[in-house]
Amino acid sequence: MNALATTRRILTQLRHDPRTVVLLIAVPSVLMVLLRYVLNSEQRFSAVAPALLGIFPFTIMFLLTSVTTLRERTTGTLERLMTLPIGKLDLILGYALAFGVLATLQVVVAAGISLTWLGLDIAGSVWVLLLVVVLDALLGTALGLFVSAFARTEFQAIQFLPVFVLPQFLLCGLFVPRGEMGWVLGAVSDVLPLSYAVDALTQVTRSAEVDGTLVRNIGIIAGCVVLALLLGAATLRRRTP
Amino acid sequence: MAEPAIVVDGLRVRRGGEEVLRDIGCTVRRGTVTGLLGPNGCGKSTLMRSIVGVQLVESGRVDVLGRPAGHPELRRRIGYATQDPAIYADLTVTEALRYFAAVLGTTPSDVDRVITQTGLTKSARVLVGRLSGGQRGRANLAVALLGTPELLVLDEPTVGSDPELRDELWQLFHGLAAAGVTLLISSHVMDEAARCDDLLLLHRGRVLARGTPEDLRARTGAPDLEQAFLRLIRDRTEAAR
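Read top to bottom, the protein sequences are chains H and G. Once you know that position 92 of the first sequence is 92 in our numbering, the rest is easy, because the numbers rise by one and skip nothing. One gets our numbering by counting positions in the second sequence from 1 and adding 1000 to each.
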């Protein structure tokens, strides 16, 4: 299948770039360690760590994918692929799979370190935590794929991080609970996918119960991943000016 | 006489508000090497992109191998190489070719075949980014040869190659044509024009002249093709005054 060929190709490219792989896997974990010692209390760490465990991979994968896809556009390989019998969705899925594998690796390491060494204590299931965090990283990947279509240069692509990611970061409920925001900000927060991720992570931290709200929130994140991937495929054009 | 491999009629293309191709009409015979010549910026690459089906065109007809350009079925039947190598710099030659072969659905032995054909056997395990300019051009050509296409559209395939290598490449092109492949090759080097079966001279987005090299020399009474083209361009410029 075409998608798997693309996945293998991207993973092979990364194999030739070990420094990127090391950074990719180590950075979120290092940030978690930093967070733990900045807060200097297991209790306070446990309160915010799950949300950040979702946000760090989201941000990193967003940046990584948007730059990688942009490079595919600027070096002409995307145009070459568009002359070949490859489906647009196949290409996008190939990307999502490759970065999904990396994201999973990244998240498992960061969560593992947080839960064992850093004393992260959650009431809910570790597996649900991992599921939500992996979905977050996939969401970053899918959004990165989509927005890279609107960047012409690497500088623009990097600027999309503050445009698309930081507002979500501010409005996701990490700094101020979503319920306490004014109605305008609340409404904006309601349409940003990261808000549901943080809601879900907060719930996993506080309770062992898997209720309808949690399932709905996970469903919304998964839906946003699929939507962003479909939009990403729709931005690919066989004919260009 | 078999139906031509390419028929272009009344083709107009605008890029960035400027008319790049103005009412182009031409045909390319099957099983020949047709040279597309003209000064830089005359529209050679845009015409090639239109034939491959990646160029947004304003009006006109482009039929390739009996189908409208850009038809999905053509994606397996045309090999296209852009002037700037469009090939992953962070993969080895073999790895990059394997990926494109997988997209085309050809066998791994096809990868070995095109590596031999382009004389890249010794660099097969070298990263594309570490190749010399000429070698990278050949790797780019090798991708176009995958899957034994019926039509090869090659934009300046010999740029950066030394005379000996250029000679080898032209032998390859004629060998392919003898086997029934149609080749459309752009160049701005006039001594290459003499090696083509047919020539198509573009100037400022229009077809200035077409015919065999002997035709063009005889028509202009010039000793060589370089002089012949200069005379044709001068006549056209004077007629326009």
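Using N, Cα and C, we set each Cβ at its ideal position, and we do this for glycine too.
query, result
"Taking the straight line between their C-alpha atoms, what separation do you get for residue 68 of chain H and residue 1232 of chain G?", "46 Å"
"Can you say whether residue 159 of chain H is buried or exposed, counting buried as having 16 or more other CB atoms within 10 angstroms of its CB?", "exposed"
"Using a 10 Å radius around the Cβ and a threshold of 16 neighbouring Cβ atoms, would you call residue 153 of chain H buried or exposed?", "exposed"
"Would you list the residues sitting across from residue 1202 of chain G in a DSSP beta bridge?", "G/1207"
"May I ask you to report which of helix, strand or coil DSSP gives residue 84 of chain H?", "coil"
"Assuming contact is defined by CB atoms lying nearer than 8 Å, are residue 66 of chain H and residue 179 of chain H in contact in what I supplied?", "no"
"DSSP puts residue 1068 of chain G in a beta bridge; with which residues?", "G/1063"
"Looking at the C-beta of residue 1137 of chain G, does it have a partner C-beta in chain H at a distance below 8 Å?", "no"
"For residue 1083 of chain G, which three-state DSSP category applies?", "coil"
"DSSP puts residue 225 of chain H in a beta bridge; with which residues?", "Note: residue 225 of chain H sits in no beta bridge, so no partner."
"Quick one: Cα of residue 232 of chain H to Cα of residue 57 of chain H, how far?", "20 Å"
"Using only the alpha-carbon positions, how far apart do residue 1086 of chain G and residue 82 of chain H sit?", "12 Å"
"When DSSP labels each residue in this structure, what does residue 1114 of chain G get in the three-state scheme?", "helix"
"Excluding the 5 residues preceding and the 5 following residue 1106 of chain G in the sequence, name in chain order all residues of the same chain whose CB lies nearer than 7 Å to its CB.", "1146, 1147"
"Does chain G have any CB closer than 8 Å to the CB of residue 154 of chain H?", "no"
"Measuring alpha carbon to alpha carbon, tell me which of H/200, H/157, H/222, H/223 ends up nearest residue 212 of chain H.", "H/200"
"Have a look at residue 1118 of chain G and residue 1165 of chain G and give me their C-alpha separation to the nearest angstrom.", "10 Å"
"Which chain G residues sit within Cβ distance under 8 Å of residue 83 of chain H?", "1052, 1053, 1054, 1075, 1078, 1080"
"Consult DSSP for residue 1148 of chain G and reduce its assignment to one of helix, strand or coil.", "coil"
"Which of helix, strand or coil does DSSP assign to residue 17 of chain H?", "coil"
"At what residue ranges does the segment 1157 to 1201 of chain G contain a whole run of the beta strand (DSSP E), taking only runs of 3 or more?", "1182 to 1187"
"What residues from chain H crowd round residue 1087 of chain G, counting only those whose CB sits closer than 9 Å?", "75, 76, 77, 80"
"Consult DSSP for residue 1053 of chain G and reduce its assignment to one of helix, strand or coil.", "coil"
"If we define contact as Cβ-Cβ less than 8 Å, is residue 1127 of chain G a contact residue for chain H?", "yes"
"Taking the alpha helix (DSSP H) that residue 136 of chain H falls in, what are its first and last residues?", "126 to 147"
"Is residue 50 of chain H buried or exposed, if buried means 16 or more other CB atoms sit within 10 Å of its CB?", "buried"
"Among G/1136, G/1013, G/1097, which has the Cα closest to the Cα of residue 1058 of chain G?", "G/1013"
"Do the segment 123 to 131 of chain H and the segment 202 to 211 of chain H touch if we need at least three Cβ pairs shorter than 8 Å?", "yes"
"Taking Cβ positions only, does residue 1062 of chain G come closer than 8 Å to chain H?", "no"
"Give a yes or no on whether 8 Å exceeds the smallest Cβ distance from residue 12 of chain H to chain G.", "yes"
"Consult DSSP for residue 153 of chain H and reduce its assignment to one of helix, strand or coil.", "coil"
"So, for residue 224 of chain H: in the same chain, excluding its five sequence neighbours on each side, which residues have a beta-carbon less than 7 Å away from its beta-carbon?", "139, 193"
"In three-state terms, what does DSSP make of residue 94 of chain H?", "helix"
"Measure the C-alpha to C-alpha separation of residue 1202 of chain G and residue 1208 of chain G and round it to an integer number of angstroms.", "5 Å"
"In chain order, what residues of the segment 1099 to 1117 of chain G put their CB closer than 8 Å to some CB of chain H?", "1099, 1100, 1102, 1103, 1104, 1105"
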